[in-house]
Amino acid sequence: MTTFLYFILVFGSIIFFHEFGHFITAKLSGVLVHEFSLGMGPKILKHKGKETTYSIGIFPIGGYVKMEGEDEESEHKKSFSSKSPFKRFMIIFAGPLMNFVLALLIFFLLFIFIGSPTTTVKEILPGLPAETSNLKEGDRIIKINDEYTDEWGDIVEIVSNSTGTLSLIVERNDEEFMVKINPVIEEGRSVIGIAPLIERSFIYSIGMAFDRLWFVSTNIFTFLGDLMKGNQLEGEVVGPIGIISMVNEASKYSFLSVLSLAAVISINLGIVNLLPLPALDGGRLVFILIEILKGSPIDPKKEGFVHFAGFVILMAFMAYMVIKDLGRLQLF
């Protein structure tokens, strides 16, 4: 039950931010929005507003914003099709953009509350090699064995994989000097016995949030590039059931792990939606760009047919991924 609630929270938040991006930009652009729906399938909740019906579907795996004149011809003055290409572009682009905003917000909250370990030594642990070295609390580790340590993770990786004496370049009182330490093995990995200073400043957390967004995004683009090259990464692609399994694994650690996973999934959704494929936001953006280059609108019926065909293919792919997920989990 806890896993399901976490899944609803994660997917619900991601879908809400995405669709809210479309919704609020459409409203600000003067477009009539008929429905704002979270979830798919039969409605379990529905509220009729002045112009818009707000609803929640029984299946928490998607959502939509239904706008006047989006997929059909309309003479209504508040139709999507009556707006300038720039406004239509921004309405479509706002969905994926909000996925990145959500990820930034989550990363910021994680860094501001739990902080981020730095390369500055906060504590020398007793009974371990660092205690008998010249290393002091407040020292900043710049290099280890000629490898730069830009973040705490670099220090952990270098030390953990070391097999001999470590040469640390340390900064203290604006002066640099070398410290040599012989690590010991604990729980199967090398350690020297130091704990990092945790940074929690507002500005630092903003910077780290953008840094993490860039890191995750570049990894996703690398993964997509490998897929396009035909590399055998199919087993790493998961569908809705696979995501539930990932949420379940994250929930075993902490709620913060679930939040971190939510940020990564949100970035994934934002990037995938920007791919220039029919039915996705990226496909719609391509049609708008073609219209701008042509200087005239594309036949709505032809564009609608392309997006409908893309939607059918997308649904078939999702069904395929569900079956694969069930097979991977030995449930099918």
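Counting with our numbering, you get residues 1 to 332 for the letters of the sequence shown. Just so you know, even glycine gets a beta-carbon here, dropped at the ideal spot from N, CA and C.
If you run the structure through DSSP and keep just helix, strand and coil, what is His34?
-> His34: strand per DSSP, three-state reduction.
Could you check what DSSP says for Arg284 in three-state terms: helix, strand or coil?
-> Under the three-state reduction of DSSP, Arg284 is assigned to helix.
Tell me whether Glu291 sits in a helix, a strand or coil according to DSSP, three-state version.
-> helix
Just to confirm, are Ile92 and Asp299 a CB contact at a threshold of 8 Å?
-> no
Is it true that the CB of Ala195 sits closer than 8 Å to the CB of Leu125?
-> yes
Own chain residues within Cβ distance below 8 Å of His307, not counting five before or after = These residues qualify, in order along the chain: Asp71, Pro278, Ala279, Gly283, Arg284.
Can you give me the Cβ contacts of Pro129 inside the same chain, cut-off strictly under 7 Å, excluding the 5 residues immediately before and after it?
-> Ile181, Asn182, Pro183, Val184, Ile192, Gly193
Excluding the 5 residues preceding and the 5 following Val258 in the sequence, name in chain order all residues of the same chain whose CB lies nearer than 6 Å to its CB.
-> Tyr6, Ala250, Ser251
Are there three or more Cβ pairs, one per stretch, closer than 8 Å when the region 62-80 is compared with the region 20-34?
-> yes
Please state if the CB of Asn273 and the CB of Pro60 are separated by a distance shorter than 8 Å.
-> no
Could you have a look at Ile44 and say whether DSSP puts it in helix, strand or coil?
-> strand
Can you name the start and end residues of the alpha helix (DSSP H) that Pro85 belongs to?
-> 85-114
Inter-residue Cα distance where the pair is Asp146 and Glu303 = CA-to-CA, the gap between Asp146 and Glu303 works out to about 57 Å.
For Pro117, I'd like the list of residues in its chain whose CB is within less than 7 Å of its CB, leaving aside the five on either flank, ordered along the chain.
-> Cβ within range, chain order: Trp152, Pro196, Ile198.
Give me whichever residues DSSP pairs with Thr53 in a beta bridge.
-> Glu35, Lys48
Using 10 angstroms around the beta-carbon of Ile267, count the other beta-carbons present and answer buried if the total reaches 16, otherwise exposed.
-> buried
Helix, strand or coil: which one does DSSP assign to Ile8?
-> helix
Which of the three DSSP states, helix, strand or coil, is assigned to Glu123?
-> In the three-state scheme derived from DSSP, where H, G and I count as helix and E and B as strand, Glu123 is classed as strand.
Counting only the same chain and skipping the five closest in sequence on each side, list residues whose C-beta sits under 8 Å from that of Thr165.
-> Lys180, Ile181, Asn182
Which residues bound the beta strand (DSSP E) around Phe215?
-> Careful: Phe215 lies outside any beta strand (DSSP E), inside the alpha helix (DSSP H) at 202-228.
When the Cα atoms are used, what is the spatial distance from Thr25 to Ile290?
-> 22 Å
Any idea if Glu19 is buried or exposed, counting beta-carbon neighbours within 10 angstroms, 16 or more meaning buried?
-> buried
Helix, strand or coil for Ile192, going by three-state DSSP, please let me know.
-> Coil, per DSSP.
When the Cα of Leu38 is compared with those of Ser29, Thr53, Gly30, Leu104, which residue comes out closest?
-> Thr53
According to DSSP, what are the bridge partners of Tyr64?
-> Ser37
According to DSSP, is Lys143 helix, strand or coil?
-> strand
Which word fits Leu275, buried or exposed, when buried means at least 16 other C-beta atoms lie within 10 angstroms of its C-beta?
-> exposed
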